[in-house]
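Step one of this worksheet: look at the structure below.
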Amino acid sequence: MSLAIGIDIGGTKIAGAVIDELGEIVDAERVPTPLEPGALEDAVVEMITRLQSHHEVAAVGVAAAGFVDAAQSTVFYAPNIDWRNEPLRQKLEARVGTTVVVDNDANAAGWAEFRFGAGRLVSDMVMLTIGTGVGGAIVANDHLFRGGFGAGAELGHLRLVPGGYACGCGQHGCLEQYGSGRALLRMADEIADAGGIGQRLARVRDEHGALDGRLIGALIMEEDAGAIAALRQLGHWIGEASASLAAVLDPQRFVIGGGVADAGELLLDPIREAFRQHLPARGYHPEPDFVIAELVNDAGVVGAADLARVHVADRVQRAGE
Ligand SMILES: [Zn+2]
1 MSLAIGIDIG GTKIAGAVID ELGEIVDAER VPTPLEPGAL EDAVVEMITR LQSHHEVAAV
61 GVAAAGFVDA AQSTVFYAPN IDWRNEPLRQ KLEARVGTTV VVDNDANAAG WAEFRFGAGR
121 LVSDMVMLTI GTGVGGAIVA NDHLFRGGFG AGAELGHLRL VPGGYACGCG QHGCLEQYGS
181 GRALLRMADE IADAGGIGQR LARVRDEHGA LDGRLIGALI MEEDAGAIAA LRQLGHWIGE
241 ASASLAAVLD PQRFVIGGGV ADAGELLLDP IREAFRQHLP ARGYHPEPDF VIAELVNDAG
301 VVGAADLARV HVADRVQRAG E
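In structure tokens, the structure reads:
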């Protein structure tokens, strides 16, 4: 069975794994992410070299946050690493002697869900990753949609509220400001300030100095009315955005991932409700369903490895035509 390496460069750690054709992890390791770009590249090369020394692999896929060109080669911009027009693929290939492809981390995670997780039975899928921000991935007609320049599927920056909250992208009112973990904190703070059902949130905030995702998550699991209200607000925005996305993409399925998706049905319920309220021409066409992502922590490495394998297979096929 053919193997590929997936590397997921995160803000705090680099995860690497050898993945088989069924998406199963054969070998895995992780190291802390060095801050300096040169040291980071060295760490990635060392990881690939170690994994290659134990396994024969067909290709290496690298996933990182940021804009990657459509040729899966150059990182235009990475928010957490000092890369600007970084020819990462070329640099890594020269050092590891194997085919390397680079992809955006949200794309890699979405591809993993499509191939081996919650999206494996559909041809058209949208994934929204609700973490600190909002990541997006689109699979259309069994292919990952990258856009003409590679910077497509930035679903967190879909405009939801004209003149709304300022976003890190330089615009205002993006989904990320209404449907992310950071937005959930703001909503929980507002509910805590308002008293009533927010009293418990306010008490927990006083005890800990500030609310964070872990505290709110615990309150949601205890079915605290204030924390649930914040989650429902968040879900409504995600559902409203999903209705607009469905008008463009007509997916069979939305997959919701990221840390906030741990809330499961408690998050999906308001998403579905708002989706139904906002879907254009509802009742005249089939509707997608909403499910929680299945691969969670491994999606980045699994997706990166499989995208590398697909790249090599496409190249072999083109050469044969
Ligand atoms: Zn934005």
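Position 206, counted from 1, in the sequence shown is what the UniProt record's numbering calls 206; the numbers after and before it change by one each time, with no gaps.
Glycine residues also receive a C-beta, built at the ideal position from the N, C-alpha and C atoms.
Kindly indicate which three-state DSSP category H143 falls into: helix, strand or coil? Looking at H143 - three-state DSSP - the assignment turns out to be strand.
Nearest to E93 by alpha carbon, out of V45, A64, A65, A63? Here the closest residue by C-alpha is V45.
Since Y77 sits in a beta bridge, which residues does DSSP pair it with? F67, R84.
Return the CA-CA distance between I14 and V31, expressed in angstroms with no decimal places. Each residue's CA atom was taken as its position, placing I14 and V31 some 5 Å apart.
So, helix, strand or coil for A137, using DSSP? Note: A137 maps to strand in three-state DSSP.
Please say whether G156 and A137 have beta carbons closer to each other than 8 Å? Contact: no.
Since D105 and A63 are thought to touch, with beta carbons under 8 Å apart, how far apart are those beta carbons, to the nearest angstrom? Approximately 4 Å separates the beta-carbon atoms of D105 and A63; this is inside 8 Å, confirming the contact.
Where does residue 373 sit, in a helix, a strand or coil, going by DSSP? Lying outside 1 to 321, the shown extent of the chain, residue 373 is not represented and no answer is given.
Contact shell at 6 Å, judged by CB to any heavy atom of ligand 1, ordered along the chain: Qualifying residues come out as H157, C167, C169, Q171, C174, E176.
So what does G257 bridge to, in DSSP terms? For G257, DSSP records a beta bridge to T129.
Spatially closest choice to G195 from Q177, I220, C169, G226, by CA coordinates: Looking at Q177, I220, C169, G226, the one whose alpha-carbon comes closest to that of G195 is G226.
Decide if the segment 70-82 is in contact with the segment 144-159; the criterion is three or more beta carbon pairs, one per stretch, under 8 Å apart. With a cut-off of 8 Å, the segment 144-159 and the segment 70-82 count as touching, because enough Cβ pairs lie within range.
Under the assumption that S242 contacts I271 (Cβ atoms under 8 Å), give the Cβ distance between them as a whole number of angstroms. Rounded, the Cβ-Cβ distance is 7 Å, consistent with contact.
Below 8 Å on the Cβ atoms is my guess for P251 versus D124; work out the distance and round it to an integer in Å. Between D124 and P251 the Cβ distance is about 5 Å, and since that is below 8 Å, they are a contact.
From the DSSP output, read off the bridge partner residues of N297. DSSP, once it has assigned bridges, lists no residue as partnering N297.
Alpha carbon of F290 to alpha carbon of G119, nearest angstrom: The alpha-carbon atoms of F290 and G119 are separated by roughly 10 Å.
Look up L215 in the DSSP assignment and say whether it is helix, strand or coil. Helix, per DSSP.
Three-way DSSP call (helix, strand, coil) for V248 in this model: Helix.
Quick one: Cα of R95 to Cα of T12, how far? So the two alpha carbons sit approximately 24 Å from each other.
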